[in-house]
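End of the sequence shown = 543 in my numbering, gap-free, step of one. C-beta atoms are modelled at their ideal positions from N, C-alpha and C, and glycine is treated no differently. Model, not experiment: these values are computed from the prediction. Data first, discussion second: the structure below is written as structure tokens.
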Amino acid sequence: MPETPSVTRALVTAPLPQIIEKLGLAIAQAQYALDTNSVALAKTMSETEVEIGDNSYNLLSLGFQPSFYSFTEATVEAKLSFTMTETTETSVAVGVEARVNYGVFMAAASIDVSYARKFSVSTEGASSIAARLVSLPPPDVFEQLLKRQYEKSVT
């Protein structure tokens, strides 16, 4: 019985939905980590004081802003190629020998039968995951709060 249908069945039932789900969850976790890092950086910038002349300023009041990043796309790529060969070889060799010697008839027959079934499977696979990350401006509310805070500190 050929093995090709079972291999094809295995390829068709590959866990593509689970791979996509895990990629989505990984991106969500990575986005959360990026956002948390940006917020922590903003807090550090607000606590870091720089002396200019007789005045002290934090980095945010001097116009420094933390970078914010966002994933814009993610790609899962899987390539699989396989070749399968199945060969069956059958050979039959028949030999007949007959002799007459001193009035006696002698006959011999030989049959040589061979059967071989060979399977060969070759598979090759490659996969990759790519994500595109871009820098975004800080949220508008964050910028407005910084501006109001700066205006209060100047007056």
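For residue 505, the closest alpha carbon among the candidates 427, 478, 417 is that of 478.
Distance from the CA atom of residue 480 to the CA atom of residue 501, rounded to whole angstroms, is 5 Å. DSSP places residue 468 in no alpha helix (DSSP H) but in the uninterrupted beta strand (DSSP E) bounded by 456–489. A Cβ-Cβ separation of about 28 Å leaves residue 515 out of contact with residue 474 under the 8 Å criterion. Close CB contacts of residue 510 within its chain, under the 6 Å cut and outside five residues either way in sequence, are with 471 (chain order). By the criterion of at least three beta-carbon pairs nearer than 8 Å, the region 433–445 is not in contact with the region 511–531.
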